[in-house]
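Oh and the sequence shown: position 177 is 165 in this note's numbering, straight run, nothing missing. See below for the structure under consideration.
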Amino acid sequence: MSEEQPSSHFFELRTTCPMGDCPVTIHGEPHQDGLQIVDCSRWHEGHRCKAECAPQVSLEYAIELARKVQEMLEPPLFQRLEGISVASWLSVSQRVGGDFQCVHCLDGRVVAIQGDVMGKGINAALLAAYLVGMFEGLLLDGLPLNQILERMNRSVAQRTQARPMFATALVLEVDLKRRQWSFSRAGHELPMLVRQAGHRCRLVSGGCLPLGVEPEETYTVYRRPLHPGDRFLSYTDGIFEVGLKREQILAELMKPNATVESLVGLLPPSPPYRDDISLLLVACDTPL
């Protein structure tokens, strides 16, 4: 008995044929000879989808694949570790985007990254996925936050020489044993830290280039003590594209019951927005 052949399709996509405006189902790898278009609703009219619009359908298939990969990489909406809660929210302006976030709850620590790749679409989404994977690998190596960014920076600069691209990024560590916030950023928006009494903790961070601009750029780690009731917010610049001001965000964050949901409530009620928007809120909500 011959061995059963493995399935040739990577995943199934139901979409619309750009040429004939008819529903089609596709099996196979994007941009490969094995692409199969099945179940075209106009085949009885003699419409030949594979011959007429395979390139367009293949592009649609690639975009859908990128979207599924991004969904898998997104962190859970809410995580908790020993009194530290982490809530995230992301809105993409197109079907795939350049914003990325990743959170790891380790032994007595929470380590996270948030970033924003220049541009939109598949190229930005692919670089975002690459940066998430690289961050996780460097995190396993136990590198300090600034060295994580420096390694990522050199890699982006080397790999995008033919077509320069860059990404802003912020890496954050919450150390429960040392009772300390630590962060380092590469061209990213300056985060906000609010204390329990509603007082803002000023975070002074010098100028720093995004990832991929200057291969030898160095980054600094900034530290602040961790207190019960602290709330740390990181965000991408898309939040300002909808007209919000930093003062509005800070005022909401300083409220005792501030949540990611209440911050999202500041946005206009009609997504998708012109740019991707990401929010990452880390709170120390129990006594240490």
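All C-beta atoms in this analysis are idealised placements derived from N, C-alpha and C, irrespective of residue type, glycine included.
Query, Result
"With 16 other Cβ atoms within 10 Å as the buried cut-off, status of P179", "buried"
"Inter-residue CB distance, L360 and E70 (contact presumed, cutoff 8 Å)", "As shown, the chain starts at -11 and ends at 276. That puts residue 360 outside it, with no answer to give."
"Per DSSP, the bridge partner or partners of M180", "L221"
"Residues near T148 by beta carbon distance below 7 Å, same chain, minus five either side", "G200"
"A271 burial status per 10 Å Cβ neighbour count (16 or more: buried)", "buried"
"Residue environment, K108, which counts as buried when at least 16 other CB atoms sit within 10 Å", "buried"
"Beta carbon of A174 nearer than 9 Å to that of L115", "no"
"Bounding residues of the beta strand (DSSP E) (the contiguous stretch that carries Y210)", "Y210 to P213"
"Whole-angstrom distance between M153 and D264, CA atom to CA atom", "17 Å"
"K233 versus A150 - alpha carbon distance", "36 Å"
"Collapsed DSSP secondary structure at L128 in the structure displayed", "helix"
"L254 - DSSP class collapsed to helix/strand/coil", "coil"
"Outcome for D273 when other beta-carbon atoms lying within 10 angstroms are tallied against a minimum of 16", "exposed"
"For V159, the three-state DSSP class (helix, strand or coil)", "strand"
"Neighbourhood of A112 by C-beta distance below 6 Å, restricted to the same chain and skipping five residues each side", "G86 and V105"
"Under 9 Å between C-beta atoms of I227 and S172", "no"
"R234 - partner residues in DSSP beta bridges", "Looking at the DSSP assignment, R234 forms no beta bridge with any residue, so it has no partner."
"Classification of Q102 by the beta-carbon crowding that lies within 10 angstroms, buried from 16 upward", "buried"
"A75 versus P260, E235 and V252, residue with shortest Cα-Cα distance", "V252"
"Best match in S266, A239, C93 and D225 for proximity to H187 [C-alpha to C-alpha]", "A239"
"Rounded distance between the beta-carbons of S250 and L78, thought under 8 Å", "Contact doesn't hold; Cβ gap of about 17 Å is too wide."
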